[in-house]
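Chains as they are written, first to last, in the numbering used here: chain B, 1250 to 1722; chain G, 35 to 198. Backbone N, C-alpha and C define an ideal beta-carbon position, used for all residues, glycine too. Please read all numbers here as calculations on a predicted model, not as lab measurements. Step one of this worksheet: look at the structure below.
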Amino acid sequence: MISIFGTPEFILTVAATLLLLWEAALNPSPRLLGRVTLAILIGLFVYVFESDPTANKALWSGLYVWDAEAKFFKLFFIVTSILVVWSIRLLESKIEVGKSEFYIITLFAASGMMLLSSVQDLILLFVALELVTVSFYVLVAYHRSQTASLEAGVKYLVMGAVSSAFLIMGSAYLFGACGSTHFDSIGLALRSLEMRPEILLGLALVLVGLFFKVSVVPFHVWAPDVYQGAPLPVTAFLAVGSKAAGIVLLLRLLTGPFAGEEVASYWIPALATLGMASMILGNFAAIPQRNLKRMLAYSGIGHAGFLLAGIVSNFIQGQAAVLIYLCTYLISAMTVFIAMSALGKSGESDHVSNYAGLSKKAPWIAVPMALGMVSLAGIPPCIGFMGKFTIFIAIWQSEHYALFAAGVISAVAGLYYYLGVVRTMYWTNPADKDPVIVSFQTKIVLGLLSASILLIGFWSKPLFSIVNSIYGF
Amino acid sequence: MESLLFWFFTFGMLLGGIGVIANRNPIASALSLVISICFLAGLYLLLNAFFLAAIQIIVYAGAVMVLFLFIVMLLDLRAEAKRPFRWGAFFVGLVVAVLFFVAIARVTHSMKDRFVAAPFGNPDNITAIGNLLFTRYLLPFEVTSILLLVAMIGAILLSKKELK
């Protein structure tokens, strides 16, 4: 039994506020504050992991739901935040001002994402999404003396405002058509009404707002510039956390109130087309990129396409495949980002040429990074292969053969640029001989991530059984 | 009379909105937004939503926009520099805008027969809003406060001259 004071968002928000007060009153060193942040997140992980999602479902007058899916996503966002905080710790020396606040705003963004995994109402959806987005406006522009970071901040601000406008306009139409903002009431209204154009327009506008967050073609234009300009931990948080937050909302809406066959016959073709476009454009546009963050942005667009494909296969297997894919993406992408942060400590880390001969200079970074890249490319036996494989099965079962073909083509195109980075690291000579120092703890984190890439890739039954237990099969 | 007022407020709002985009001078732009907001408050009045109309004027036209103007004047923003007109962007934008307009117009047109007179707003709707805000919608209300806190920290972090 969980009271409203026992919800993880509540605990995290209170903790973040207390950290803020502690920072203002006693001025602790950012290193210590970072350590406490990490401890809070790990404690919260244990707390959520031990909680029982079946005890009580609706909280806060039904606006907030606490079910197995919410629990899964909350754990997902906590793990993401832990790894992002680790990346911040690695790059702390690069933050000029407000080192402590960087951790605290990350916590606020994390609590917003966790809240998003529980929303059952359009009003709460909007407010929680704004909490995440506003935190990101600040985080993206954090290197305020660097033009690139500021430019990224402005671009993200404008795009975020436009997407929020779409979302709120769509919510207004849905409210007008259904007479309520609650998901259950919308679902009920959809089942009793005949299909009305205003419902479709409302749904389309809400989806556009969410597509911006997930960076789906053609709403992806902001992603490369923002990923490139933002500080590295923020890029990681955007790539994994923000994308997953958009996906959980899509799942909540499209498998909740809009799951009905009639309305699904409208959104399935739309999502399939956009998913196909994202896969192909993302993976092909990533090939010529020489900036690693930019490349990962385009690859992230491609991954968004795969996730949409999973949602489109309107089977319960499709949803399970999306969750598995997100887990594999989390582990693979965060491995790459943490390896980049570990290297970034000693110099510029964005450009691919900086990785030349890394295997000789810093094998502790090169091996996990190569594993992460191989896993993102979806080569067996890495975990990324399991993700792609389950998505492909779901697409095949739902008989979207064009989508399947596009997926195969873009997966092959993906091999080229992911392995290009590996080639640069292993088969070229380093420009200089300066050794890169990696701390013992970071070696452990990277080792754990690499081990999970390989182990879960070989033995993925636990992951599957967790996801399957959510959907009860 | 009411429909006359409706069209008056609507056209005023739209003209204000166009003024926001069309003006190159940021101050004129901000003032156009004030005009647009005031006319929108008029529409709320027609719906008997007096509280919303008052809040619209006090908070948006008053507090927020005055703050905007202050900042624009403090930063001493010049009129936006003339950029070369890009026909490509103009046409793509035009096509998207027309498509969007057609979609909205068609949907609204199809709703025409089902329009019902808006439930005549309860003159006592301050109580109703307050009740909803502090009971059913307490969670979004509280999240908004956290949102404002983050925005405040962010504004200080990004703009304060000397930070340690």
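Note down the Cα distance separating residue i from residue j, rounded to an integer number of angstroms.
i, j, result
"B:Ala1570", "B:Leu1712", "11 angstroms"
"B:Gly1559", "B:Thr1266", "38 angstroms"
"B:Ile1686", "B:Leu1364", "38 angstroms"
"G:Leu81", "G:Leu167", "20 angstroms"
"B:Pro1684", "B:Ala1605", "13 angstroms"
"B:Asp1474", "B:Leu1523", "21 angstroms"
"B:Ser1394", "B:Gly1361", "28 angstroms"
"B:Arg1445", "B:Ser1300", "41 angstroms"
"B:Ile1658", "B:Asn1532", "9 angstroms"
"B:Ile1417", "B:Val1585", "35 angstroms"
"B:Gly1633", "B:Cys1576", "9 angstroms"
"B:Trp1676", "B:Val1616", "13 angstroms"
"G:Trp121", "G:Leu128", "10 angstroms"
"G:Thr178", "B:Val1368", "15 angstroms"
"B:Ser1602", "G:Ile138", "50 angstroms"
"B:Pro1629", "B:Leu1703", "9 angstroms"
"B:Val1285", "B:Leu1652", "46 angstroms"
"B:Ser1336", "B:Ser1688", "13 angstroms"
"B:Ile1496", "B:Val1457", "13 angstroms"
"B:Ala1513", "G:Phe135", "24 angstroms"
"B:Lys1609", "B:Pro1679", "8 angstroms"
Examine the ligand NAD and report whether any of its heavy atoms sits within less than 7 angstroms of the Cβ of residue i.
i, result
"G:Asn159", "The ligand content of the structure shown is nil, which means the ligand NAD is not present either."
In three-state DSSP terms, what is residue i?
i, result
"B:Ala1359", "helix"
"B:His1431", "strand"
"G:Val136", "helix"
"G:Ala83", "coil"
"B:Ala1700", "helix"
"G:Tyr171", "coil"
"B:His1600", "strand"
"B:Ala1307", "strand"
"B:Tyr1313", "strand"
"G:Asp147", "helix"
"B:Val1470", "coil"
"G:Asn159", "helix"
"B:Val1463", "helix"
"B:Val1368", "strand"
"B:Asn1717", "helix"
"G:Asn165", "helix"
"G:Asn59", "coil"
"B:Asn1540", "strand"
"B:Trp1708", "coil"
"B:Pro1482", "helix"
Give the residues of chain D in contact with residue i, contact being defined as C-beta atoms less than 9 angstroms apart.
i, result
"B:Ile1354", "Of the protein chains in the structure, B and G, none is chain D."
Exposed or buried, residue i, counting other C-beta atoms within 10 Å across all chains shown (16 or more means buried)?
i, result
"B:Ile1354", "buried"
"B:His1600", "exposed"
"G:Phe73", "buried"
"G:Gly76", "buried"
"B:Tyr1296", "exposed"
"B:Tyr1578", "buried"
"G:Leu182", "exposed"
"G:Tyr171", "buried"
"B:Glu1443", "exposed"
"B:Gly1347", "buried"
"B:Tyr1547", "buried"
"G:Lys146", "exposed"
Please state whether the Cβ-Cβ distance between residue i and residue j is less than 8 angstroms.
i, j, result
"B:Tyr1352", "B:Val1483", "no"
"B:Glu1341", "B:Pro1277", "no"
"B:Ile1291", "B:Ala1264", "no"
"B:Val1383", "B:Ser1420", "no"
"B:Met1635", "B:Ser1581", "no"
"B:Phe1357", "B:Leu1371", "no"
"B:Val1376", "G:Pro174", "yes"
"G:Phe84", "G:Ile163", "no"
"B:Ser1366", "B:Ala1319", "yes"
"B:Gln1646", "B:Ser1714", "no"
"B:Leu1406", "B:Leu1459", "no"
"B:Leu1520", "B:Tyr1476", "no"
"B:Tyr1720", "B:Gln1568", "yes"
"B:His1469", "B:Ile1529", "no"
"G:Val54", "G:Met99", "no"
"B:Leu1287", "B:Val1334", "yes"
Segment contact flag, the region 1655–1672 of chain B with the region 1694–1712 of chain B, C-beta cutoff 8 angstroms, min 3 pairs
no
Assess, as a yes-or-no matter, whether the region 1250–1259 of chain B is touched by the region 1305–1323 of chain B under the definition of 3 or more beta carbon pairs within less than 8 angstroms.
yes
Do three or more CB pairs link the region 42–59 of chain G to the region 1609–1626 of chain B at distances below 8 angstroms?
no
Check whether the region 1492–1499 of chain B touches the region 1422–1434 of chain B, taking contact to mean three or more Cβ pairs, one atom from each stretch, closer than 8 angstroms.
no
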